[in-house]
Every structure is written in C-alpha cells, then in structure tokens.
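See structure below.
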Amino acid sequence: MIDVTTPPDLMASIALFYQAYRTYTSGSDALLAQRGLGRVHHRVLYYVARHPDLTVSELLERLGVSKQALHAPLRQLVELGLVTVSTPAHDRRVRQLALTEPGRQLEWQLTSPLAEHLSAALDRAGPQATAGWLTVMHEISTQPVAPTEPALAAQSPP
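All residue numbers for the sequence shown refer to UniProt numbering, where the first residue is 1 and numbers rise by one.
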C-alpha cells in the first residue's frame, strides 16, 4: 500500500500522475499536432461542444486563462472553420461560440477515445476506487496549489 505521506511515495504518486496524463492525452495530442493545433485547442472545442452558446467570458472563466492566452487559439479555430462567433440580438457586446459541423466531428474524434479509455480504467478499478479517484480529482481541481515562498524554494529538496 502506498503511503503518500512519505516523500518517496508522494514523489512516486506525482510521477505516476504525470505519466498517466501523458499517456491519456497522447492520442489526442498526435491528432491535434497533425492539424497544427495543441491541447488548448482541444479544451476550447470540448467546452464549446458541451455548452451551447457559451460566451467568450464564460469560456475564459472555465479555462482559467486570460483574454490574451485565449485570443490566438480561438482565432485559429475560427479561421479553420471549426468554431463560429456570433453576437446575440439581445446584447451586441456579447460574443457567443458554437462548433461548426467539422468542429463537432473533430471534437468527437479527440474526446471519444478519452471517454472510452477513462471508462475502461474506472470499470477495471471498481466502484470504490472510482469514488476515491473522483474525490481526489475534485480536490485537485478545486484547491489551487499555493505558490512556494522564495525562502522555501531555495531549500534543498527532501
């Protein structure tokens, strides 16, 4: 049993997390690279696919990035005909996003293998492990990592 309170086991858990994420995203990353796109493009496609008429402001909030960080990837997706930007009649200041048919197809090509991979892993792990994994992922995603104080960062690692 792994005791994540000890530094060696905790470091092994971090390494496993990195390895799992790399393995999990490798297929999508390869498909994106063939089109000159990256992971941020997939994240945009993913959220726009699941939230019809998502506004740019809402997308910024979901992604947790600045307008500057989103500008280039979103512009590329629009130029490639994968995403459309529209202005609703009720508020001309708002920009709403939607996937085009090619955008929906690409998003599904990228996301469906991830869903199948995750579903199979959770099925193999069983309900108790799945519940634990969901709890851990929720905790990681909602509790930001505090920046290290300069004095602590200068210390030698354990």
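Beta carbons are placed, not taken as given, at the ideal position from N, Cα and C, and that holds for glycine.
Would the beta-carbon of A89 fall within 8 Å of that of P52? no
Is the beta carbon of T55 less than 8 Å from the beta carbon of L82? no
Could you check if E107 is buried or exposed, using at least 16 other CB atoms within 10 Å of its CB as the buried criterion? buried
Quick check for students: name the residue ranges of the beta strand (DSSP E) that lie wholly in the segment 61-134, counting only runs of 3 or more. 83-86 and 96-99, all fully within the segment 61-134.
So, at 6 Å on beta carbons, what are the nonlocal neighbours of S86 in its own chain, with the 5 sequence-adjacent residues on each side left out? Q96
Option nearest H41 by Cα separation, candidates M137, A131, Q128 and R75: R75
With a threshold of 7 Å on Cβ separation, who are the neighbours of T111 within its own chain once the five nearest residues in sequence on each side are excluded? Y46
With DSSP as the reference, label L37 as helix, strand or coil. coil
Determine, using beta carbons only, whether R43 and T25 come nearer to each other than 8 Å. Remark: C-beta atoms of R43 and T25 do not approach each other more closely than 8 Å.
Can you grab the Cα-Cα spacing for the pair V145 / E139, in whole Å? 11 Å
Would you check if the distance between the CB atom of L77 and the CB atom of L70 is smaller than 8 Å? no
Output yes or no for whether 8 Å exceeds the beta carbon distance between residue 162 and L31. Absent from the model: residue 162. The displayed extent of the chain is 1 to 158, so no value can be given.
Local conformation of T25 per DSSP, three classes: helix
Own chain, CB closer than 6 Å to R62, minus 5 neighbours either side, in chain order: Y47
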